[in-house]
Each structure stands twice: as structure tokens, then as C-alpha cells.
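Visitor:
Residue numbers (the UniProt record's numbering): 1 to 151.
(1) Do you know whose CA, among 124, 126, 132, lies nearest residue 102's CA?
(2) I'd like to know if the region 40-48 and the region 67-84 are in contact, where contact means that at least 3 CB-CB pairs between them fall below 8 Å.
(3) How would you label residue 81, buried or exposed, when you count the other beta carbons within 10 angstroms and need 16 or more for buried?
(4) Please give the ranges of any alpha helix (DSSP H) in the region 49-131, keeping only runs that are unbroken, at least 4 residues long and fully inside the region.
(5) Looking only at C-alpha atoms, which of 68, 120, 125 sits nearest to residue 95?
(6) So, with DSSP's three-state summary, where would you put residue 39?
(7) Rank 62, 43, 122, 106 by C-alpha distance to the C-alpha of residue 112 and give the top, closest one.
(8) In chain order, what residues of the same chain lie with their CB nearer than 8 Å to the CB of residue 199, ignoring the 5 residues before and after it?
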């Protein structure tokens, strides 16, 4: 599967917004996406996808018999992921629980010059991420008290 690359051009006038970039007239910013291993029970939450669509996908996964799902959220999508997890928990009538894990994801951006005079520059940055495990509560059958009579 080919790696998708987002590209954007930044001119010399844009340096106030991007102070870490080197001073050459024009670069193309390439952000290779990290390889993601996706399981059936993984849901990658983005701020661009509608909340209702993500909620429906999670509910469909849970109703299909899967015992646990994982919500993965990075950067600005963390707030939406937390809201999604809490909505699923509240709508479950106590049948679901959750555990939250935090991590930091390291990104490597490549700055490709449009002129041959310059070299490719690499910029490293970190971004916060959370991973929310939503799982079914274990149902413990209640044993009725049996009275045994001793003679």
C-alpha cells in the first residue's frame, strides 16, 4: 500500500509562522504518515470525521460481539476521542468500562527544496496521543443460596 504524503508550499514570507524552517526561498513540506497496523477493533478518531459516524461505528463493533475496542486519538482529536468514549460508556447502561493510556508519537517531516542548491532538511516533532480501551464488564452470575439441612 503506498504511503500518502501531504504537501504544502511555504514561502519566505511565512517564516514568522514557521521559525524552525531554514532560510531558503521555497520548500515543499512532506509529512510521510507512519505505518499503522489496523485490527478489526481499532478505531482511529479524527476531528474531521463526524462525531455521530464515529459513534455509530463503535456501537456497531460492540454490538457485533467484539468484547473490546480501542480508540486511538492524536493531537486535536483527543478531545473528540474522550467525548466519544464517555458517550459510549453512558449509553451502555453500565455494561462497558474503559481504560485510558497516554503516549507520545514522534513525527519526522521532510522539507524538500524546490531548487537544487539546497539539501533536504528533516524536522522532528512530537505529538500527544491517547489510546482508550473500551471493554465489556464481566458478568458474574449470582448464585442463589441453597439451604442444606443437616440431620
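Beta carbons are placed, not taken as given, at the ideal position from N, Cα and C, and that holds for glycine.
Guide: Let's see:
(1) Within the chain shown, the letter at position 102 stands for residue 102. If we check each option's Cα against that of residue 102, 132 comes out closest.
(2) Using a Cβ-Cβ distance cut-off of 8 Å, the region 40-48 and the region 67-84 are in contact, since at least three pairs of beta carbons, one from each stretch, lie closer than that value.
(3) Looking up residue 81 in the chain shown gives position 81. Its Cβ being crowded by 16 or more others within 10 Å, residue 81 is buried.
(4) Residue ranges of uninterrupted alpha helix (DSSP H) with 4 or more members, entirely inside the region 49-131 and ordered along the chain, are 51-63, 78-91.
(5) The residue labelled residue 95 in the question sits at position 95 within the chain shown. Nearest option by C-alpha distance: 68.
(6) As a first step, residue 39 must be located in the chain shown, where it is residue number 39. Coil at residue 39, not helix or strand.
(7) Locating residue 112 in the chain shown gives position 112, counting from the first residue. Nearest option by C-alpha distance: 122.
(8) Residue coverage of the chain in this structure runs from 1 to 151, which leaves residue 199 outside it and unanswerable.
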